[in-house]
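Reading through the structure tokens given below for one structure.
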Amino acid sequence: DAKTTQPTSMDCAEGRAANLPCNHSTISGNEYVYWYRQIHSQGPQYIIHGLKNNETNEMASLIITEDRKSSTLILPHATLRDTAVYYCIVRVDEDSSYKLIFGSGTRLLVRP
Amino acid sequence: DGGITQSPKYLFRKEGQNVTLSCEQNLNHDAMYWYRQDPGQGLRLIYYSQIVNDFQKGDIAEGYSVSREKKESFPLTVTSAQKNPTAFYLCASGQQETQYFGPGTRLLVL
Chain A
99 DAKTTQPTSM DCAEGRAANL PCNHSTISGN EYVYWYRQIH SQGPQYIIHG
149 LKNNETNEMA SLIITEDRKS STLILPHATL RDTAVYYCIV RVDEDSSYKL
199 IFGSGTRLLV RP
Chain B
915 DGGITQSPKY LFRKEGQNVT LSCEQNLNHD AMYWYRQDPG QGLRLIYYSQ
965 IVNDFQKGDI AEGYSVSREK KESFPLTVTS AQKNPTAFYL CASGQQETQY
1015 FGPGTRLLVL
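Chains as they are written, first to last, in my numbering: chain A, 99 to 210; chain B, 915 to 1024.
See below:
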């Protein structure tokens, strides 16, 4: 079962920030939060991940609440090419390996 | 170019037939993964391999088989025991904390 809850769909205007929320209220202390996105009929693309601290890279920022029960992915200046399904994922560690548990994601539509 | 390749892009299977999906990576990653995606759904893990000659079942392994004879290759066989094989199949490889995905193979049953 997916360990995250996301809105089914969202939209934002081109050039504006897109803020995608995610709830992971049952997350354990050592489980990471990952974000991937998938453009139609392609493989998912890694965006960012974090444990406790906020993270930023060239694609996005990840804001994790202090209690770690929710997070927000921020695309600072959305473009039309950012239209995709965005997956918020909790990484589950098992022995020496790990699994990414995907939910249904948020379909983001960037409007011209 | 470095990356993960999957072939073919589209594959058609007849009833009762086994088919094998190819996944190759030249990223020197130890771990490789197979996922299945149904329309409008997220990805579900079929099998994964952390090292050559070793692999583990994921959440939906029934009707599938894999092998890991080489570090670069992790083929997936969809057997006749898989009663609903029509789906989008995605292969990934990873090192440390991140998985990278291939372009996928779409399997259709005739």
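All residues carry an ideal CB built from backbone N, CA and C; glycine is no exception. What you are looking at is a predicted structure, and each value in this text was computed from that prediction instead of being measured.
Which of helix, strand or coil DSSP assigns to residue i
| i | result |
| --- | --- |
| L213(A) | Because chain A is modelled from 99 through 210, residue 213(A) falls outside the range shown and cannot be assessed. |
| S126(A) | coil |
| N121(A) | strand |
| S168(A) | strand |
| K984(B) | strand |
| S936(B) | strand |
| G1008(B) | strand |
CB contact flag (residue i, residue j, <8 Å)
| i | j | result |
| --- | --- | --- |
| P160(A) | A116(A) | Per the sequence shown, residue 160(A) should be read as Leu rather than Pro. No. Outside cutoff. |
| A1001(B) | R927(B) | no |
| Y961(B) | G972(B) | yes |
| G1018(B) | G141(A) | yes |
| I965(B) | Q939(B) | no |
Nearest candidate by alpha-carbon position, reference residue i, set the options
| i | options | result |
| --- | --- | --- |
| N128(A) | I146(A), R179(A), R209(A) and Y196(A) | Y196(A) |
| N121(A) | P210(A), I162(A), R205(A) and V190(A) | I162(A) |
| A176(A) | E112(A), V183(A) and T204(A) | E112(A) |
| V118(A) | I125(A), T124(A) and T106(A) | Looking at the sequence provided, one finds Leu at residue 118(A) rather than Val. Of I125(A), T124(A) and T106(A), the residue nearest in Cα terms is T106(A). |
| K985(B) | T934(B), N932(B), D944(B) and L925(B) | D944(B) |
| R261(A) | Q136(A), K167(A) and R179(A) | Outside the displayed range of chain A (99 to 210) lies residue 261(A), so it cannot be described from this structure. |
8 Å contact criterion, which residue i and residue j should meet: CB distance rounded
| i | j | result |
| --- | --- | --- |
| L206(A) | Q1013(B) | That belief does not hold up - the Cβ atoms of L206(A) and Q1013(B) are roughly 21 Å apart, past 8 Å. |
| C937(B) | S987(B) | 7 Å |
| G201(A) | Y184(A) | Not quite, the Cβ-Cβ distance comes to about 11 Å (not below 8 Å), so this is no contact. |
| V933(B) | L925(B) | 6 Å |
Chain C residues whose Cβ lies nearer than 9 Å to that of residue i
| i | result |
| --- | --- |
| L959(B) | Chain labels in this structure do not include chain C; the protein chains are A and B. |
What are the residues of the region 934 to 945 of chain B that lie near chain A, defined by any Cβ-Cβ distance shorter than 8 Å?
-> A945
Could you please tell me which residues of the region 989 to 1013 of chain B, in chain order, have their CB closer than 9 Å to any CB of chain A?
-> F1002, L1004, C1005, A1006, G1008, E1011, T1012 and Q1013
Note down, in chain order, all residues in the region 186 to 208 of chain A with a beta-carbon under 7 Å from any beta-carbon belonging to chain B.
-> S194, S195, K197, L198, F200, G201, S202 and G203
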